[in-house]
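For the record, in the sequence shown the residue sitting at position 167 is 176 according to the working numbering, with numbers rising by one throughout.
A virtual CB, placed ideally from N, CA and C, is assigned to each residue, including glycine.
Taking it in order: structure first as structure tokens, then the write-up.
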Amino acid sequence: MQDHTEERVASADSAAPRLVRNENERDHLAAIEDIMHGATRISFAVAFLKSKGLGRVIGTLTARLENAADVEAFVGSDFCLTEPGALKDLLDLSRRYPQLEVFVAKADARSTFHPKIFLGVGATGAQLMVGSANLTGGAVTQNEEVSVILGLEEKSPLLAEMRSVFSEYRTNPRFEELDEVVLEIYRARFKVAEEAKRRLETELAAGDASAFDLDKLSLLHAEFRRDKAEMKALRKRRRDRKLAMTVQRQIAGMSRTKSLARRDRDEFANLFRDLITSGDGHRHLWHSGDIHRRGQEAITQPRETIALFAAAEAASQKPPEEGYAEIRRLGGEISGVGINMVSEILCTFAPKRYAVYNGNTAAALRALGASPPKSVTLFSAESYARVCGVIEAVRRRIGGEDLSDADAFLNWIYQTKVKPDTKR
10 MQDHTEERVA SADSAAPRLV RNENERDHLA AIEDIMHGAT RISFAVAFLK
60 SKGLGRVIGT LTARLENAAD VEAFVGSDFC LTEPGALKDL LDLSRRYPQL
110 EVFVAKADAR STFHPKIFLG VGATGAQLMV GSANLTGGAV TQNEEVSVIL
160 GLEEKSPLLA EMRSVFSEYR TNPRFEELDE VVLEIYRARF KVAEEAKRRL
210 ETELAAGDAS AFDLDKLSLL HAEFRRDKAE MKALRKRRRD RKLAMTVQRQ
260 IAGMSRTKSL ARRDRDEFAN LFRDLITSGD GHRHLWHSGD IHRRGQEAIT
310 QPRETIALFA AAEAASQKPP EEGYAEIRRL GGEISGVGIN MVSEILCTFA
360 PKRYAVYNGN TAAALRALGA SPPKSVTLFS AESYARVCGV IEAVRRRIGG
410 EDLSDADAFL NWIYQTKVKP DTKR
């Protein structure tokens with residue numbers, strides 16, 4: 010019976026290049042089978058080989074071996090994603106058909122073996138596919154993969170180059186011809202890697218157990234928006250932030266006073282208390298709840314605290330990492346000034362650039378699946394800038410006016426979702 014499949018490769022020289030995607034019957038599996046059908050020599054190189062992928066083509070591959078085709082396979086072992094079982098199947102096949110040669114690329118931390126090449130050469134031409142698909146079940150039929158398949162004439166320069174590539178693989182000391190020893194060495198590495206993956210997956214699952222996805226974030230914000238009391242509080246927060254800006258500028262302006270008289274000290278203390286407390290008729294314009302406990306100690310250092318506000322007004326125009334580092338350093342010399350106060354001052358001066366950060370913020374971010382630094386006292390400028398970026402992303406998703414709006418939402422999450430759980 011005549012093998013008409015040879016005609017398919019023989020006429021490949023007239024085939025125009027086309028894209029291969031896994032979105033119809035002309036998927037990567039069909040393309041690989043087209044390349045193998047009728048080929049007298051088959052060469053393929055893949056980064057990852059898995060049993061399901063090999064199983065999809067092994068029938069066609071065996072048929073070509075039965076027809077005395079020569080086959081060479083080059084398989085990567087980086088990241089231990091290639092399955093030992095698939096290598097064993099190829100090894101067994103090579104024992105039945107000596108014209109099948111299988112080479113395994115040794116793992117190399119400096120360079121990953123990562124090609125996806127399928128070449129079938131017939132009597133008068135060849136077919137070549139190069140792209141993103143490995144020889145795995147997902148890659149040949151399901152994954153979002155894109156490759157190009159094209160026909161090549163026997164004298165095509167590109168075909169000569171591809172032959173040269175495979176020849177170089179053969180002589181490269183990185184490759185070992187697959188036998189039982191090579192397979193057993195890889196199987197041992199694969200077992201260790203699989204155990205490490207399972208441990209990592211367990212840790213990730215534990216970390217994800219309390220994490221919300223982005224849809225849940227949207228649901229939480231919708232719940233927040235339906236809370237009439239919170240919406241009223243949000244409007245008050247916005248008014249208070251503007252009033253706090255005025256107070257902070259008044260305090261910063263006092264830095265121009267060369268010598269603070271008793272009246273100046275009293276005025277500073279009164280303005281400062283307007284920011285941190287509602288006691289004695291003050292307005293508590295900052296909305297961090299516990300800031301007054303240690304914050305009032307700063308009243309005992311009026312000149313230093315006034316200078317801090319003046320410096321913060323200028324620093325608030327700088328990028329968060331730079332401005333925070335400067336004000337955190339100055340604040341560290343003043344009793345009662347911590348990260349919470351530094352971030353409140355900066356956020357008030359520049360609410361679209363700087364975020365309030367305290368224990369409530371950190372807990373709410375963790376509840377959302379973020380990983381802010383565990384310490385809210387030993388906090389680097391780099392970490393603060395990263396947190397500002399995360400809170401800015403939250404602000405964009407909820408449509409907040411500024412980072413103070415995002416802080417209100419995060420505080421609501423802490424008060425209504427996190428804090429109740431800690432009391433159980």
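Give a yes or no on whether the C-beta atoms belonging to residue i and residue j are separated by under 8 angstroms.
i, j, result
"ASN31", "THR145", "no"
"TYR366", "TYR393", "yes"
"ILE285", "HIS301", "yes"
"LEU100", "ALA82", "no"
"PRO93", "TYR195", "yes"
"LEU434", "VAL113", "The structure shown does not extend to residue 434, since the chain is modelled only from 10 through 433, so no value can be given for it."
"VAL80", "LEU109", "yes"
"GLY304", "GLY345", "yes"
"PHE358", "GLU322", "yes"
"VAL256", "ASP275", "no"
For residue i, count the other beta carbons within 10 Å of its own beta carbon; 16 or more makes it buried, fewer makes it exposed. Which is it?
i, result
"ARG248", "exposed"
"PHE88", "exposed"
"LYS59", "buried"
"MET240", "exposed"
"ALA25", "exposed"
"GLU153", "exposed"
"VAL403", "buried"
"SER173", "exposed"
"LEU137", "buried"
"ASP43", "buried"
"THR314", "buried"
"GLY340", "buried"
"ASP430", "exposed"
"ASP414", "buried"
"VAL155", "exposed"
"ASN349", "buried"
Starting from residue i, trace the beta strand (DSSP E) in both directions and tell me its first and last residue.
i, result
"ILE400", "No beta strand (DSSP E) contains ILE400, which is instead part of the alpha helix (DSSP H) from 390-407."
"ARG105", "From DSSP, ARG105 is part of no beta strand (DSSP E) but of the alpha helix (DSSP H) over 93-105."
"GLY160", "155-162"
"SER297", "No beta strand (DSSP E) holds SER297; DSSP gives it neither H nor E."
"VAL84", "79-85"
"ALA114", "109-114"
"ALA135", "134-140"
"ARG50", "50-55"
"PHE184", "184-186"
"VAL29", "27-30"
Give the single residue among the options whose Cα lies nearest to the Cα of residue i.
i, options, result
"SER120", "LYS61, GLU162 and ALA56", "ALA56"
"GLY290", "ASN279, ASP299, LEU96 and LEU168", "ASN279"
"LEU269", "ARG312, GLU210, PHE184 and THR91", "ARG312"
"GLY398", "GLY131, GLU186, LEU374 and LYS383", "LEU374"
"ASN420", "ALA402, GLU401 and ALA371", "ALA371"
"GLU185", "LYS115, PHE175 and GLY140", "LYS115"
"GLY129", "VAL111, LYS200, ASN143 and MET45", "MET45"
"PRO166", "LEU252, ALA135 and ASN181", "ALA135"
"THR425", "ASP275, GLU331 and HIS230", "HIS230"
"LEU102", "ASN349, LEU74 and ILE315", "LEU74"
"CYS356", "ILE41, VAL201, ALA316 and LEU412", "LEU412"
"GLY262", "SER227, ILE126 and ALA316", "ALA316"
"LEU192", "ILE158, LEU96, GLY131 and ILE67", "LEU96"
"LEU226", "LEU70, ARG50, LYS61 and ALA376", "ALA376"
What residue range does the alpha helix (DSSP H) around residue i cover?
i, result
"LEU125", "Looking at the sequence provided, one finds Lys at residue 125 rather than Leu. No alpha helix (DSSP H) holds LYS125; the beta strand (DSSP E) holding it covers 125-130."
"ASP416", "412-422"
"SER176", "166-180"
"ARG73", "60-75"
"ASP459", "There is no way to answer for residue 459, as the model of the chain reaches only from 10 to 433."
"ALA148", "146-150"
- Query: At which residue ranges does the segment 346-387 contain complete beta strand (DSSP E) runs of 3 or more residues, listed in the order of the chain?
  - Reply: Runs of the beta strand (DSSP E) inside the segment 346-387: none found.
- Message: So within the segment 206-281, which uninterrupted beta strand (DSSP E) runs reach at least 3 residues, ignoring any that extend past its ends?
- Response: The segment 206-281 contains no whole beta strand (DSSP E) run of 3 or more residues.
- With a floor of 4 residues, list each alpha helix (DSSP H) that falls wholly inside the segment 305-340, ordered by position along the chain. Within the segment 305-340, the complete alpha helix (DSSP H) runs of at least 4 residues are 311-324 and 329-340.
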